[in-house]
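*Asks:* One structure coming up, written as structure tokens, with questions to follow.
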Ligand code: HEM
Ligand SMILES: Nc1ncnc2c1ncn2[C@@H]1O[C@H](COP(=O)(O)OP(=O)(O)OP(=O)(O)O)[C@@H](O)[C@H]1O
Ligand SMILES: Nc1ncnc2c1ncn2[C@@H]1O[C@H](COP(=O)(O)OP(=O)(O)OP(=O)(O)O)[C@@H](O)[C@H]1O
Ligand SMILES: [Mg+2]
Ligand SMILES: [Mg+2]
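Residue numbers (the numbering used here), protein chains in the order written: chain A, 11 to 235; chain B, 11 to 235; chain C, 477 to 732; chain D, 0 to 212; chain E, 0 to 212.
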């Protein structure tokens, strides 16, 4: 009974919930693509200029896509009473929460990482930048999902939480975005990019260890009403 | 009875609903400011480069802020049955819908316009750009709100509509963002910026005339289930 | 007046569509194969090399027809949606639904061939040229319609909602094209635009015409085929589809 | 036959959703001063029928007449004379009881009348508390306070007794009695027995389950 | 006094929310094979009490004992033996009835058992339909099918009869009877009369409204 309520069960259920609405699976990918085309439209089509800002733009986009989809992470579970059922279940909630976050990453962070070479192409990213950018995104979006889940847990009991969530989570994203875009930037400039990537990895490790615990206690706190 | 259910009534009610969550009133402002600080972090702190991309960045931010807050425009009314009550009320729904959209604009577009000089300062916008940028934002964000409302109406009955909404609305935003950022760009380059502003104005006029009608018929459609 | 509209309503009947297309689909299919095969062989093997671009220009025989149809397909889709909204015709919704993925694929093909072509001619796969940008936005419009179509569980609502979105998109397409064009001229001197097509040598142009015709036929065949599949799945409970199924199984058994 | 046309008359109403016939040729009449209870097991289509009658849904087939005229001719008049209370009660959680009520009534109304209505539904101390702080039954009472303030002639009530205690049920019954006595009509659906005599019943049969079982 | 400790025993439970005493020194005992009905008008704190007992809320004061031991000592055991069904029924609208049920039961379960449970709640044809296409009562039935599959000893049911037709109410009563006969216990709140004899009542008085009126 307990094993069934664990990591894999939640992962499977959330993926199934997301998959039920077929339009939704592809949309993080498309959002990413679409938002990236806005930049040249609003700024400049000049490849020379775009090249410089490409990694930064891609990271800002990754961040916004994660945030946009995060507010529904716990919202529907809260409204229909599933969250309450989770909270009064006997086992520790850490694994279920990690399962939910993984499902979120699999449907935002991972597709975004996979589509990033295409964005690099659109924004004339130099060839040296592709591999580090993908590595950085793969690791960094994990952190993004975990932090977004924390924000979602904090705002779950508020009706209109999505903007508030952004406010809470954004400051926490600062270091990730700095090191993330640095990873690509370093390799473009010919420097060793393992440094910022290692820092990202360390942040991910800490986030995996601490965030689920924090999320669980925050959920216990905010859903009491 | 009919006059009470009109434009002003909905405007007043929506403003009150938004105001009830005090954290929400300031948040578009703060979102705007915060997102703008990400740009130098992720991209470059170089003022020369920033100057060129400032209007574009501000417009992309305006757009994302509008989109982020749009998905709750009709969602709560749908869930608690208010929308059904609206739809079976005897009068035409155009005025109420326009009231709701105006409330949305007053809490996103308007504050964004007001705070934009500060962002210009952060991103080293040249002095000549301030006035045209504000004028462009004031007019353009109106269009953004109307189109976002159309997207919100299309996705209101879907549980996880926020990403889908982005997908639907973004392509429609392209002309607005082009002319919007051009307004500031022109004046910086010393050209007459009344041209793009006039086009924005024309688009707003068309959107005000057509969008509410479209929104009403879409709402009648999507809420039937 | 009545006799005047009869054909129109009969045309709206899925069964009529299915049965009449059964008759002339093979002919259209044969014509498509003929046109595409001859156009390809002519264009790829016999047309002269381009003076500046060498053999890489031959991709034009895919690129231009795909681009044409991508755009035309959107208008067809929107028109089908409008007919569905106004005359509540099931068949035209089916046409709209099937035109969306087809158009999206063609748009992608145009983008892809353009990008591949861009590498030898422009030196990079992607350039923010006006027409290229508006093509990308067209792809997004298609995707919006597709996503909306599949997001609703009620087929009726899905049809109407995506029809409305397609219509809003058609209002926007000219605006988008104009604004992107204008934006392009604002930002960039026309170094690598292809707005003025170099007047082509007739030996190059004739196979292109054949290919464009072939693509139109191909589009028609693909659309009709997928509409027929859609009809069968939607009308599977009706007696005439059951009859068809019975006939088909009978034939299969007879063959064995 | 009928000399004086009945208030609401429904002829052969059908509703199909995704190829399932949810409502199958319903014919009914509601005259002034009448209470009609739509009955049927879960899933038999009571909510769907009420939503069809309030024109929140559009029938695939069949006609609705209001005072003898087809609905398409007098839609505005019909909708102005109608009140609908569904499973969802349209109470905004972040607004107070008073704000919710004044909004829902849909006509200018003075504060005392509002407070009096809230008093009658036993929400005396709660008028300026946001509704998410009320219990399930109290939230329902906010919506029901509309019945005390509403001029419309026909009420459509979908399970009005949900979440109400005994005293609340009695109150709603009282409201309905008063409305009917004043010449209004009520169409309601409920699974609880009603302690009123003037109730006529209309039974829906569950199309699908009769087929499936 | 008590030689055999009762299953659940509550001493002097208080709950305060925003300085309002919602639950005021509740003392109660539930023994094996007993049905306890928590009574009280709307807003008297029934839901709050049930949520306190299931530890979804934390009491400001007072103790809960499970089989004689304080809850803090045997939380895991208590929670594994408990089933709670609240106003919100935790049914996911986009999942099918079958998926919802297999998820909610929380233990590996084979398909036939699931279908049999759905059959018993009269959802025979509906097992693979997404739940938003079900009627209010049918959605409630999906949640109630848990009762047929649940091993927990204590059931906490908050208004289980909401939206159910007469046959559905009888079914739930039957379930409760069977559960109690097997040595389980039920704590429920409802405003509808229950047609069972073994029901003990516990009355809550409405603190605020008695003060206010
Ligand atoms: C991803 C990149 C590209 C896209 C999206 C694209 C898109 C289009 C479109 C939409 C058309 C049809 C225009 C119409 O409706 O008349 C077109 C035509 C054409 N394209 Fe491209 N194109 C791309 C790259 C290229 C490249 C790299 C070349 C070669 C230098 C090229 C050469 C042409 C030519 C010669 C035509 C036909 C001329 C005309 O009818 O105006 N395209 N392209
Ligand atoms: N989230 C909340 N915040 C503050 N107060 C609340 C909240 N929920 C309920 N209350 C208050 O607590 C009291 C008890 O509420 P509760 O929901 O327990 O009542 P109940 O007995 O279940 O009523 P009902 O029969 O209507 O379901 C009520 O007076 C209510 O106003
Ligand atoms: N949104 C929907 N989409 C498709 N089918 C639906 C939808 N809502 C209800 N149905 C189906 O229509 C039928 C009638 O539903 P309806 O809600 O009208 O029943 P009801 O009589 O109100 O039941 P209850 O007593 O449970 O409220 C049911 O069989 C249900 O499965
Ligand atoms: Mg119902
Ligand atoms: Mg309660």
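We put the CB at the ideal spot given by N, CA and C, even for glycine. All values reported here derive from a predicted model rather than from experimental measurement.
(1) Just checking: is the beta-carbon of residue 44/A within a distance shorter than 7 Å of some beta-carbon in chain B?
(2) Any residues whose CB sits closer than 5 Å to a heavy atom of ligand 2? List them in chain order?
(3) According to the neighbour-count rule (16 or more other Cβ atoms, all chains shown, within 10 Å of its Cβ), is residue 97/D buried or exposed?
(4) Is it a yes or a no for the stretch 162-177 of chain B touching the stretch 627-635 of chain C, going by three-plus beta-carbon pairs under 8 Å?
(5) Where residue 173/E and residue 119/E are concerned, what is the direct C-alpha to C-alpha distance, given to the nearest angstrom?
(6) Measuring alpha carbon to alpha carbon, tell me which residue in 159/B, 139/B and 106/B is nearest residue 17/B.
(7) Cβ closer than 7 Å: which chain C residues qualify as neighbours of residue 232/B?
(8) Just how far apart, CA to CA, sit residue 188/A and residue 72/A?
(9) Using a Cβ-Cβ cut-off of 7 Å (strictly less than) and excluding sequence neighbours within five positions of residue 8/D, which residues of its own chain qualify?
(10) Please determine, among 542/C, 655/C, 709/C and 725/C, the residue with the shortest C-alpha to C-alpha distance to residue 18/D.
(11) Where does residue 169/D land, buried or exposed, given buried means 16+ other C-beta within 10 angstroms?
(12) At which residues does the beta strand (DSSP E) containing residue 61/D begin and terminate?
(13) Would you decide whether residue 158/E is buried or exposed? Buried here means 16 or more other CB atoms lie within 10 Å of its CB.
(14) Just to confirm, are residue 545/C and residue 691/C a CB contact at a threshold of 7 Å?
(15) Just to confirm my understanding: we take residue 104/A, look at its own chain, exclude 5 residues before and 5 after, and list those with CB closer than 8 Å. What are they?
(16) Does any CB atom of chain A fall closer than 7 Å to the CB of residue 85/E?
(17) By Cβ distance, which residues of its chain are closer than 7 Å to residue 700/C, with the 5 residues on each side in sequence left out?
(18) Counting contacts by CB-CB distance shorter than 7 Å, is residue 187/A in contact with chain B?
(19) Pull up the DSSP beta-bridge partners for residue 10/E, would you.
(20) Measure how close the beta-carbons of residue 215/E and residue 15/E come, nearest whole angstrom, since I'm counting them as under 8 Å.
(21) DSSP state of residue 129/D, grouped into three classes?
(22) In this structure, how does DSSP classify residue 203/A when only helix, strand and coil are distinguished?
(23) Candidates 617/C, 596/C and 590/C: which alpha carbon is nearest residue 604/C's?
(24) On the DSSP bridge assignment, give the partners of residue 16/E in chain order.
(25) For residue 4/E, which residues from the same chain have a beta carbon less than 6 Å from its beta carbon, with the 5 sequence-adjacent residues on both sides left out?
(26) Assign residue 26/D to buried or exposed, taking buried as 16 or more other Cβ atoms, counted over all protein chains shown, within 10 Å of its Cβ.
(27) Can you tell which of 166/D, 115/D, 50/D and 55/D has its C-alpha closest to the C-alpha of residue 144/D?
(28) When DSSP labels each residue in this structure, what does residue 109/E get in the three-state scheme?
(29) Less than 7 Å between CB atoms is the rule here; does residue 191/E satisfy it with respect to chain A?
(30) Just the Cα atoms here: how many angstroms apart are residue 66/B and residue 50/A?
(31) Pop quiz: residue 133/D and residue 125/D are said to be a contact at Cβ under 8 Å. What is the actual Cβ separation, rounded to whole angstroms?
(32) Using beta carbons (cut-off 7 Å, strictly below), is residue 23/B in contact with chain D?
(33) So residue 563/C is in the alpha helix (DSSP H); what residue range does that whole segment cover?
(34) If you reduce the DSSP assignment to three classes, tell me which class residue 657/C lands in.
(35) Who are the Cβ neighbours of residue 584/C in its own chain at under 7 Å, not counting the five residues just before and after it?
(36) Would you say residue 117/A lies against chain C (beta-carbon separation less than 7 Å)?
*Replies:* Let's see:
(1) yes
(2) 235/A, 132/D, 133/D, 134/D, 135/D, 136/D, 16/E, 21/E, 41/E, 42/E, 43/E, 44/E, 45/E, 46/E and 47/E
(3) buried
(4) yes
(5) Going by the C-alpha atoms only, they are around 11 Å apart.
(6) Comparing Cα positions, the closest option is 106/B.
(7) Ordered by position in chain C, the residues that pass the 7 Å Cβ test against residue 232/B are 633 and 637.
(8) Their backbone Cα atoms lie some 13 Å apart in a straight line.
(9) 28 and 64
(10) 709/C
(11) Counting Cβ neighbours within 10 Å, residue 169/D comes out exposed, since fewer than 16 surround it.
(12) 60-65
(13) Buried.
(14) Cβ distance < 7 Å, so residue 545/C and residue 691/C count as in contact.
(15) 222, 223 and 226
(16) yes
(17) 497 and 501
(18) yes
(19) 62/E
(20) Because residue 215/E is not part of the residues shown, which for chain E are 0 to 212, the question remains open.
(21) strand
(22) In the structure shown, residue 203/A sits in coil (DSSP, three-state: anything other than H, G, I, E or B).
(23) 590/C
(24) 19/E
(25) 66 and 67
(26) exposed
(27) 115/D
(28) coil
(29) no
(30) 8 Å
(31) 6 Å
(32) yes
(33) 536-563
(34) helix
(35) 615
(36) no
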